[in-house]
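Each step along the sequence shown adds one to the number in the UniProt record's numbering, with nothing skipped, and position 2 is 2. Some notes on the structure that comes next.
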Amino acid sequence: MKDDMHTKTQDTAKLAACLKSSEYALIDAVVRTNVMTIREAGKLVAMQRKLRAMRYQVEAKAGAL
């Protein structure tokens with residue numbers, strides 16, 4: 001049982017790290033690219049915010065384990 005909890009915590013931490021990496025990659029794409037319209041950049045920023053919210057939920061769930 002304890003190993004199962006440890007595995008869930010590790011998996012949750014990996015998922016949070018993946019979400020964080022994706023979040024930063026989106027912002028980096030917006031900052032480095034100058035061929036996007038403002039609307040396209042806004043959509044990427046909105047997606048980044050959704051990823052951040054998901055990451056916060058995952059981290060909160062990991063804290064509850």
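The beta-carbon is built from N, C-alpha and C at its ideal position, and this holds for glycine as well.
Burial state of ALA16 (16 or more Cβ within 10 Å)
Locating residue 16 in the sequence shown gives position 16, counting from the first residue. Buried, by the Cβ-count rule.
Is the beta carbon of ALA62 closer than 7 Å to that of THR9?
Counting from 1 along the sequence shown, the entry for residue 9 is found at position 9. Counting from 1 along the sequence shown, the entry for residue 62 is found at position 62. The answer is yes: Cβ separation under 7 Å.
Would VAL58 and THR12 qualify as a contact pair, given that the criterion is a beta-carbon distance under 7 Å?
Locating residue 58 in the sequence shown gives position 58, where the first residue counts as 1. Locating residue 12 in the sequence shown gives position 12, where the first residue counts as 1. Yes.
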